[in-house]
Amino acid sequence: MSAWQETQTPWKTERTERIEQAERDEQAERDEQAEHAAVGAGQPAVCGNENGTGNGNGSGKLPEQVGPPPSGFALLPWLLLGMGAFSNLFQGKTSNPWIGGIGLLLFNSLYIQVVFRAFSKKAREARSTRGALIALGVVTCFLGGLYGGSWLLFFPLLGLAAGAVVRGRWLGGTGLGLSVLAGVVAGLRDGWGAVSVAYGTFLSTMVTAAILSLSDAVRELRAAREELARRAVEKERLRFSRDLHDLLGHTLSVIVVKSEAARRIAHRDLDAALVQVSDIESVGRQALTEIREAVTGYREGSLATDLDRARSALLAAGIQPVVRQSGPPLSAHAEVLLGWVVREAVTNAVRHSGAGRCEIAVDGSSERVRARISDDGAGIVVGGGEVGGGEVGGGGGAGVGGTGLKGLTERLTAAGGSLEAGPGVRGGFVVSAELPGATA
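So the sequence shown is numbered by UniProt numbering: it starts at 1 and just counts up by one.
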């Protein structure tokens, strides 16, 4: 290898790497813009950065990581409120210590069972959990009424367990009932000290329920936000795949037909063949522009342009076109949708129908706008694929089951319209589209 080649090879490699890196950066930027555009265009706003999550900077957005879901371990430290009763029991200050010891063990066991089951909705709503909570209340009343003093602090713990289990419309009544129960039991033992016990019980019940309900709501919102972002990305991908199918299906069909025409006439009429080649170049350049517009989601269609291209494609395929358009001007959205219909129907006619004549009729009014594309071709072949409609690439049956027409059906249905495709009364294949009040 020469010295010049040795000096040029690294430059070419470095330049190629720069080009590839620029293409990757541009594609990443397009993907990001497409995701944001999809979320902003058809979905509720999703707060956060490009990953659909918040940045945690105090701007009111949800944090990017909310940590693991809470569990019963979060409520276990509150058992330390019972240390006073535990101390009195082992220091011999409690009468009937065996009863107190069994009661303390039973209270702790029931409390742990209830709070750990409270963080699963299914387990929380089970009868066994409610039964354990009631048993916990009975044990609390028994120990508080029997010993009083520090044993009354089990009532706020009972409130914590109840607040973790009871939600919704029963919460207020439960909190109030427990506070009254705690006040009565404490009042029988300590008189005015019952007020603080009752207040602590009510507060622990309501605050625990509020915090856990808020935690559940945040997680549900996060899950809903992620689902919205996922659906928005899927919707954008579906839009792009439909646009790409409809654009390339029609464009490649035109290019193939015109290439065949140029090959057939090149030996006897070079000028006419060059005209076909020039048309192929124009169609290819236009396709590049439309693909770029489809990628960014800003493609605007013109029905008149699509009708002209359809006429040209039919002529190149040896099919006589008959194009009629009447009625008031259509809205831009209606022109885009009907343009897709014309493209798909003509593409299928050129590819599969073997027709000699194809009619395209568009008429509109203030209430409805209709497009009808019919040909006199082979229509549908029984036991085979669709000839002249429906499915590009064969396979399938009648109607709108094909890839292209299926996507068009979904588009028109979303716009309040309809699409029908099937064999004509006199043979051939007919595609009919209808949209509501789509005049400009």
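Cβ atoms here follow ideal geometry from the backbone N, Cα and C, with glycine treated the same way.
Contact check, residue i vs residue j, beta carbons under 7 Å
i           : j      : result
Gly249      : Thr409 : no
residue 443 : Ala186 : Summary: the structure shown does not reach residue 443, with the chain confined to residues 1 through 440, and so no result is reported for it.
Leu157      : Leu81  : yes
Lys258      : Asp279 : yes
Gln320      : Arg372 : no
Val139      : Phe90  : no
Leu338      : Leu307 : no
Ile255      : Val283 : yes
Glu434      : Arg343 : no
Leu110      : Ala74  : no
Arg117      : Ala123 : yes
Ala317      : Val341 : no
Beta-carbon proximity list for residue i, same chain, < 8 Å, skipping 5 on both sides
i           : result
Gly364      : Ser326, Gly327, Pro328, Leu330, Ala334, Arg370, Ala438 and Thr439
Tyr199      : Ser179
Leu76       : Ile112 and Val115
Glu281      : none
residue 478 : Beyond the ends of the chain as shown, which are 1 and 440, falls residue 478; an answer cannot be given.
Cutoff 7 Å; reference residue i; Cβ partners in own chain excluding five residues on either side
i      : result
Val197 : Leu152, Phe155, Ala182, Gly183 and Ala186
Ala273 : Ala262, Ile265 and Ala266
Ala132 : Leu110, Gln113 and Val114
Phe142 : Gly103
Trp78  : Leu157 and Leu160
Phe86  : Leu104
Anticipated Cβ contact below 8 Å, residue i with residue j, distance rounded
i      : j      : result
Arg324 : Ala361 : 5 Å
Leu212 : Pro70  : 7 Å
Gly103 : Ser150 : Not really, about 13 Å apart at Cβ, beyond 8 Å.
Phe429 : Pro423 : 6 Å
Gly72  : Phe119 : 6 Å
Cα-Cα separation, residue i to residue j
i           : j      : result
Leu314      : Arg219 : 57 Å
residue 441 : Ala378 : Missing from the structure shown is residue 441; the chain here goes from 1 to 440 and no further.
Arg239      : Glu359 : 28 Å
Trp170      : Ala126 : 15 Å
Asp376      : Gln286 : 30 Å
Leu252      : Lys121 : 56 Å
Lys235      : Leu105 : 57 Å
Ala210      : Gln113 : 21 Å
Gly354      : Ala224 : 51 Å
Pro97       : Tyr147 : 11 Å
Ala421      : Arg230 : 32 Å
Gly145      : Ala194 : 12 Å
Gly389      : Asp216 : Only weak support is given to the placement of Gly389: the predicted model assigns it a pLDDT of 39, under 50, and the value that follows is read from those uncertain coordinates. Cα-Cα distance, rounded: 51 Å.
Ser366      : Thr413 : 19 Å
Ala34       : Arg311 : Low per-residue confidence applies at Ala34: pLDDT is 47, beneath 50, and the placement is therefore not dependable, though the value from the model is reported in the following sentence. Straight-line Cα distance between these residues: approximately 34 Å.
Glu290      : Arg237 : 16 Å
Arg309      : Asp269 : 23 Å
Gly137      : Asp190 : 19 Å
Glu226      : Leu214 : 18 Å
Gly177      : Ser418 : 60 Å
Gly92       : Ser204 : 30 Å
Leu188      : Val166 : 27 Å
Ser128      : Leu244 : 57 Å
Leu288      : Val425 : 39 Å
Leu405      : Ala332 : 21 Å
Arg292      : Met206 : 57 Å
Ala41       : Glu260 : Residue placement at Ala41 is flagged as unreliable, the pLDDT there being 38, under the threshold of 50; a coordinate-derived value is accordingly withheld.
Other residues of its chain near residue i: CB distance less than 6 Å, five sequence neighbours each side excluded
i      : result
Gln43  : Since pLDDT at Gln43 reaches only 40, below the 50 mark, its modelled position is unreliable, and the value read off the structure follows with that caveat. Leu228 and Ala232.
Phe202 : Gly175 and Ser179
Thr208 : Leu160, Gly163 and Ala164
Ala345 : Ile373 and Val431
Gly100 : Leu89 and Thr94
Gly407 : Arg242
Val277 : Ala262
Gly416 : Pro436
Val322 : Glu359
Gly172 : none
For residue i, the residue or residues it bridges with in DSSP
i      : result
Asp375 : Cys358 and Phe429
Arg117 : In the DSSP output, where bridge partners are listed per residue, Arg117 has none listed.
Pro69  : DSSP lists no partner for Pro69.
Asp269 : For Asp269, which the question treats as bridged, DSSP gives no partner whatsoever.
Ser418 : Glu434
Arg351 : Paired residue(s): none; Arg351 is not in a bridge.
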